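Below: one structure, written as structure tokens.
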Amino acid sequence: MRDQFNREIEYARISVTDRCNLRCRYCMPANGVSKLPHGEILSFEEILRVAEILARLGIHKIRLTGGEPLLRKNLPILVRELKSLRGIEIVTLTTNGVLLEKFASDLIAFGIDEINVSLDTLDAREFEKITRRGIFAEVHRGIQFLFDAGFRNVKLNCVPLRGVNEDNLVALAALAKDQNLKVRFIELMPFGCTSRSGFVGMTSAEIISKLENHFGKLIPCDGSKILQGPAKYFSIKNFVGQIGFIDALEHKFCGSCNRIRLTAEGFLKACLCYDTGVDVKKLLRSGASDEELLTVIRETIYRKPLEHSFERSSAARDARQMYQVGG
Ligand code: SAM
Ligand code: SF4
Numbered sequence: 363m364r365d366q367f368n369r370e371i372e373y374a375r376i377s378v379t380d381r382c383n384l385r386c387r388y389c390m391p392a393n394g395v396s397k398l399p400h401g402e403i404l405s406f407e408e409i410l411r412v413a414e415i416l417a418r419l420g421i422h423k424i425r426l427t428g429g430e431p432l433l434r435k436n437l438p439i440l441v442r443e444l445k446s447l448r449g450i451e452i453v454t455l456t457t458n459g460v461l462l463e464k465f466a467s468d469l470i471a472f473g474i475d476e477i478n479v480s481l482d483t484l485d486a487r488e489f490e491k492i493t494r495r496g497i498f499a500e501v502h503r504g505i506q507f508l509f510d511a512g513f514r515n516v517k518l519n520c521v522p523l524r525g526v527n528e529d530n531l532v533a534l535a536a537l538a539k540d541q542n543l544k545v546r547f548i549e550l551m552p553f554g555c556t557s558r559s560g561f562v563g564m565t566s567a568e569i570i571s572k573l574e575n576h577f578g579k580l581i582p583c584d585g586s587k588i589l590q591g592p593a594k595y596f597s598i599k600n601f602v603g604q605i606g607f608i609d610a611l612e613h614k615f616c617g618s619c620n621r622i623r624l625t626a627e628g629f630l631k632a633c634l635c636y637d638t639g640v641d642v643k644k645l646l647r648s649g650a651s652d653e654e655l656l657t658v659i660r661e662t663i664y665r666k667p668l669e670h671s672f673e674r675s676s677a678a679r680d681a682r683q684m685y686q687v688g689g
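Per our numbering, residue 363 is the first one in the sequence shown, and the count goes up by one each step.
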């Protein structure tokens, strides 16, 4: 469906849990993480009911996220059920990769279309510095498992952090040399506890300059197929894969935003930045009919805000943390 600004909304990010097995400093506090009681998290049945309604409104792509989505029991079953819904064409996953080795076979068997692995560095010590957990080897094995299984729809997402993983960006990009994968650099967003982490992001211009010093010219890709979503992709001579950049602050892409978000506790957000939206769980659990749900969800999507205001520190913000929304 189209929103009030005539944007085609066709993509929903659904968070299935607020729990995580890492503690990335820009995403989660070290201590005092409040966890939703199990009963407050949407059940698979509830997620599927909402997804069915979203599909009726023209959403055809769903990304499962969290927290760490692979901590949710039986996640591959949810993938299979979502894939079987009429109108849902693409089901993807964003994961930190820690449990990938365990679940990748089932995810692939049950039809996952794409797996994005968040990985900020290939250096185990740096990994621990960023995530507060020393389990880089698990992530590495998970990614290797995907390659060995011949699963090709993989993206690696890295948040460049000045003076932290800065010197590892070339090594990360180099993974796209021999593998047909997309390595993407995502601008650090001022969301939740990010400001308290002490981390500072980097601009895509800085990263491009670093990569060009090492690999030579980055050539923009303008094929319509790869220009899906907000990422800008580049190829490099002798590289099989591509390098992408997503910079929501530096290059605002709100004019072409096509997404909505459903939190693990069932709150439908039309824009990452604000706390406005609708408490879908409350409706689901108070006996709302499909038609009532559809009407409220359609209204929420229609009223999607024009743009985020992350660049203005004084502007109204959602008080949720990134792990509570799903990125
Ligand atoms: N745990 C999963 C993972 O890490 O892929 C899924 C949830 S995580 C919130 C989704 C993405 O959000 C990750 O790629 C993470 O790097 C990103 N993220 C978290 N906080 C961020 C921030 N302040 N700015 C930019 N990206 C952020
Ligand atoms: Fe967990 Fe993902 Fe947040 Fe890291 S970015 S703490 S892996 S939810």
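We treat Cβ as the ideally placed atom computed from N, Cα and C, and that holds for glycine. Quick caveat, the model's predicted, so the values are computed rather than measured.
Taking the C-beta atoms as reference points, Ile605 is found no nearer than 9 angstroms to Ala533. Under the three-state reduction of DSSP output, Arg364 falls in the strand class. Only buried fits Arg623, as 16 or more other CB atoms lie within 10 angstroms of its CB. For the pair Ser377 and Thr638, the CB atoms are not nearer than the 9 angstroms cut-off.
Distances from the CB of Leu426 to the heavy atoms of ligand 2 are all 8 angstroms or more. In the DSSP annotation of this structure, Glu673 is not part of any beta strand (DSSP E), being labelled neither H nor E. When Cβ pairs closer than 8 angstroms are counted between the two stretches, the region 534 to 553 is seen to touch the region 561 to 581, the count reaching three or more. For Leu634, the secondary structure class from DSSP, reduced to helix, strand or coil, is coil. With a threshold of 16 other beta carbon atoms within 10 Å, His613 falls short and is exposed. DSSP places Ile605 in the uninterrupted beta strand (DSSP E) bounded by Gln604 to Ile608. Boundaries of the beta strand (DSSP E) harbouring Gly639: Gly639 to Asp641, taken from the DSSP string. Following the DSSP letters along the chain, one finds Ala499 in no beta strand (DSSP E) but inside the alpha helix (DSSP H) bounded by residues Phe498 to Asp510. Taking a 10 Å sphere around the C-beta of Val602, we find fewer than 16 other C-beta atoms and assign the residue as exposed. Here the alpha carbons of Leu461 and Arg381 stand approximately 13 angstroms from one another. Boundaries of the beta strand (DSSP E) harbouring Val516: Val516 to Cys520, taken from the DSSP string. Any heavy atom of ligand 2 counts here; residues with a Cβ closer than 5 angstroms to one of them, in chain order, are Cys382, Leu384, Cys386, Cys389, Met390, Asn458 and Tyr685. Annotation: the continuous alpha helix (DSSP H) that includes Ala486 extends over Ala486 to Thr493.
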